[in-house]
Amino acid sequence: MFIKQLSVFIENRQGRLEEVTEALVQEKVNILSLSMADTTEYGMLRMIVSNPETAKDALRDKGFSAMLTDVIAVKLQDKVGELHKMTHILCSKGLNIEYMYALASANRVAMIVKASDGEAAAKAITEGGLELYSYEDMCE
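Under UniProt numbering, the first residue of the sequence shown is numbered 1, with each subsequent residue one higher.
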């Protein structure tokens with residue numbers, strides 16, 4: 001039901017993102033999806049990767065602050081109203097979406113979602129008629 005998201009705090013300066021990607025390449029970790037937000041001095045890089053534990057350890061070895069968080073990957077159809085359906089389901093159960101970002105490939109479209117209560121969000125999504133991707137689904 002949950003997938004592991006890798007979160008990395010990075011300084012907002014030239015070359016830091018390249019250092020992250022280099023560390024992942026050295027460990028043969030594939031980035032499946034990412035989101036990056038910044039402030040003046042720091043950024044938050046959130047990623048779904050092919051091997052979260054290996055990625056976290058590799059980045060910590062390079063001096064980065066990295067952690068794993070449970071998120072859900074909601075399977076969506078590529079059509080009008082799908083995102084609204086998901087947000088309506090969560091809102092109707094009193095759940096807050098803390099953040100979300102897209103993951104899309106030739107064979108899948110998903111929203112990666114961190115909700116105020118992950119267990120309740122996963123239950124609401126499936127009871128509301130949508131599906132969740134497993135980690136194995138994401139890596140296919």
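Just so it is clear, CB atoms sit at the ideal spot from N, CA and C, and this is done for glycine as well.
- Rounded to whole angstroms, R60 and S7 show a C-alpha spacing of 11 Å.
- Contact between I72 and L132 is confirmed by a C-beta separation of about 6 Å, below the 8 Å threshold.
- In the structure shown, A106 adopts coil according to DSSP, grouped into three states.
- CA-CA distance, Y42 to R108, rounds to 31 Å.
- Boundaries of the beta strand (DSSP E) harbouring M36: I31 to D38, taken from the DSSP string.
- When the beta-carbon positions are compared, A121 and L83 stay at least 8 Å from each other.
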